[in-house]
Amino acid sequence: MDAMAISRTALDVEWQRLQVIAQNLANENTTNAGGDGPYRPLRLVSGPDAGFEQLVDANGVQSRPVGVRVVGLEPLADGARRVHDPAHPHADADGFVTYPNLDRAAEMTLLIRTSRAYEANLTAMTIAQQMYMRALDLGRR
Amino acid sequence: MDPMVTFIISKALDGLSMRYQAIAQNIANATSPNYRPVRVDFENDLRRAAEAGPDAVRHLALTMRQDTGHVPGSEIRLDLEIAEAAQTSMRYAALIDMLGRRMAINRAITGGGQ
Chain G
2 MDAMAISRTA LDVEWQRLQV IAQNLANENT TNAGGDGPYR PLRLVSGPDA GFEQLVDANG
62 VQSRPVGVRV VGLEPLADGA RRVHDPAHPH ADADGFVTYP NLDRAAEMTL LIRTSRAYEA
122 NLTAMTIAQQ MYMRALDLGR R
Chain R
5 MDPMVTFIIS KALDGLSMRY QAIAQNIANA TSPNYRPVRV DFENDLRRAA EAGPDAVRHL
65 ALTMRQDTGH VPGSEIRLDL EIAEAAQTSM RYAALIDMLG RRMAINRAIT GGGQ
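This is how it looks when you write it as structure tokens:
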């Protein structure tokens, strides 16, 4: 897999991570997600597309990196936030409403890190493109 | 003209291209937990092969290896990887330029200088 394809897989993964963060922030006050309790904040888990050992050929010299992939979407074990609001339609028998316990600072930190990672991959892709363009210039003079 | 230079430049271009793939892989996995970065070092091997002769240069196998100096669990430094990427790209461009000049000389020779 060439460098641009590798960077492309990462752009895809970081973009999806951004979407999950946006989803978490958007559902900060969702008390009833699909009828079974409050919204559960999610975390996108990613990793290298295949183990390094698998990439090594039988002769043990050649190896090909194949980028990154989404491993899964895991709910965060943050618990719930209970607020006393008897007038709320989703209040329980004791008058408490259950909200997702979203760690807003953690989401924002991850948002910035993800955005930086996305930018870095975009830069890597641009540099790879420049290299290819130079190679195409070979023999043109 | 000595074909050795062309062999060396071609192999170095392959090496730099592979190094760039390794850098792209490292940047792509900057957010992967417990990722070990990969590196490509070929300069010393290429220098030794160049002393041994053209066949040694042509059959030199390029390898990608895991970075043994990386502390497990520590973050990938994006800035250093991007700097490495820029340097690799510059070297690649310089070698392409040299190869282009050699081809221009060969063209001048075959054209009889006309």
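Keeping their order, the protein sequence lines are chains G and R.
Heads up: the first sequence runs through residues 2 to 142, numbered per this note's numbering.
Heads up: the second sequence runs through residues 5 to 118, numbered per this note's numbering.
Just so it is clear, CB atoms sit at the ideal spot from N, CA and C, and this is done for glycine as well.
Just mark A59 (chain G) as buried or exposed, buried being the case when its beta carbon has 16 or more other beta carbons within 10 Å.
Walking along the first sequence from the start, residue 59 (chain G) turns up at place 58. Its pLDDT being 48, under 50, A59 (chain G) is placed unreliably by the model, and nothing is read from it.
Could you check the C-alpha separation between D101 (chain R) and R23 (chain R) for me, to the nearest Å?
As a working note, residue 101 (chain R) is residue 97 in the second sequence. As a working note, residue 23 (chain R) is residue 19 in the second sequence. When the Cα atoms are used, D101 (chain R) and R23 (chain R) turn out to be separated by approximately 19 Å.
Quick test of the definition: if touching needs 3 or more C-beta pairs under 8 Å, does the region 106-121 of chain G touch the region 65-79 of chain R?
With the cut-off at 8 Å, the region 106-121 of chain G and the region 65-79 of chain R do not touch.
Quick one: complete beta strand (DSSP E) runs, 3+ long, within the region 22-97 of chain G?
Qualifying beta strand (DSSP E) stretches, in chain order: 43-49, 69-76, 81-85.
Rounded to the nearest angstrom, what separates G61 (chain G) and A65 (chain R) at their Cα positions?
Taking the first residue of the first sequence as position 1, residue 61 (chain G) is located at position 60. Taking the first residue of the second sequence as position 1, residue 65 (chain R) is located at position 61. Caution is warranted here: a pLDDT of 43 is assigned to G61 (chain G), below 50, making its placement in the model unreliable, and no coordinate value can be reported.
Work out the CA separation of Q17 (chain G) and N25 (chain G) for me, nearest whole Å.
Residue numbering aside, residue 25 (chain G) sits at position 24 when the first sequence is read from its first letter. Residue numbering aside, residue 17 (chain G) sits at position 16 when the first sequence is read from its first letter. So the two alpha carbons sit approximately 12 Å from each other.
Restricting to Cα atoms, I'd like to know which of G:A136, G:S47, G:G38 is closest to N38 (chain R).
Residue mapping note: residue 38 (chain R) aligns to position 34 of the second sequence, counting from 1. For N38 (chain R), the nearest C-alpha among the options comes from G:S47.
Just to confirm before moving on: does the CB-CB distance between S8 (chain G) and A129 (chain G) stay below 8 Å?
Within the first sequence, residue 8 (chain G) is the residue found at index 7, counting from 1. Within the first sequence, residue 129 (chain G) is the residue found at index 128, counting from 1. Contact flag set, yes.
According to DSSP, simplified to helix, strand and coil, what is R9 (chain G)?
Locating residue 9 (chain G) in the first sequence gives position 8, counting from the first residue. Assignment of R9 (chain G) by DSSP, reduced to helix, strand and coil, places it in the helix class.
Per DSSP, which residues does Q70 (chain R) bridge with? Please list them.
As a position in the second sequence, residue 70 (chain R) is number 66, starting the count at 1. Beta-bridge annotation (DSSP): Q70 (chain R) is paired with R:V42.
Do we get a CB-CB distance below 8 Å when we pair G104 (chain R) with the residues of chain G?
The residue labelled residue 104 (chain R) in the question sits at position 100 within the second sequence. Answer yes: the Cβ-Cβ gap between G104 (chain R) and chain G drops below 8 Å somewhere.
I'd like to know if the region 27-36 of chain G and the region 43-59 of chain R are in contact, where contact means that at least 3 CB-CB pairs between them fall below 8 Å.
Not touching, per the Cβ criterion.
Is the Cβ-Cβ distance between L43 (chain G) and T115 (chain G) less than 8 Å?
Taking the first sequence and counting its residues from 1, the one referred to as residue 43 (chain G) is at position 42. Taking the first sequence and counting its residues from 1, the one referred to as residue 115 (chain G) is at position 114. Cβ distance not < 8 Å, so L43 (chain G) and T115 (chain G) don't count as in contact.
Residue nearest to D50 (chain G) in terms of C-alpha spacing, selected from G:G80, G:D37, G:V67:
Within the first sequence, numbered from 1, the residue matching residue 50 (chain G) stands at position 49. The shortest Cα separation from D50 (chain G) among G:G80, G:D37, G:V67 belongs to G:V67.
7 Å Cβ cut-off: residues of chain G touching N33 (chain R):
Residue numbering aside, residue 33 (chain R) sits at position 29 when the second sequence is read from its first letter. Within chain G, the residues placing a beta-carbon under 7 Å from that of N33 (chain R) are P49, V69, ordered along the chain.
Give the secondary structure of P37 (chain R) by DSSP, where H, G and I count as helix, E and B as strand, and everything else as coil.
Along the second sequence, one-based indexing puts residue 37 (chain R) at 33. Of the three classes helix, strand and coil, the one that applies to P37 (chain R) here is coil, per DSSP.
8 Å Cβ cutoff met for P39 (chain G) and P90 (chain G):
On the first sequence, position 38 is the one that residue 39 (chain G) refers to. On the first sequence, position 89 is the one that residue 90 (chain G) refers to. No, Cβ-Cβ distance for P39 (chain G) and P90 (chain G) is not below 8 Å.
Using only the alpha-carbon positions, how far apart do A23 (chain G) and E15 (chain G) sit?
Translated into positions along the first sequence, residue 23 (chain G) becomes position 22. Translated into positions along the first sequence, residue 15 (chain G) becomes position 14. Cα-Cα distance, rounded: 12 Å.
Neighbour-count burial assignment, T35 (chain R), 16 or more Cβ in a 10 Å radius
As a position in the second sequence, residue 35 (chain R) is number 31, starting the count at 1. By the neighbour-count definition (other C-beta atoms within 10 Å, threshold 16), T35 (chain R) is a buried residue.
How would you list, in chain order, the residues of chain G whose beta-carbon sits under 8 Å from the beta-carbon of L82 (chain R)?
If you number the second sequence from 1, residue 82 (chain R) lands on position 78. What L82 (chain R) touches in chain G: R117, A118, A121.
To the nearest angstrom, report how far apart R81 (chain R) and Y96 (chain R) are at their CA atoms.
Within the second sequence, residue 81 (chain R) is the residue found at index 77, counting from 1. Within the second sequence, residue 96 (chain R) is the residue found at index 92, counting from 1. Each residue's alpha carbon lies about 23 Å from the other.
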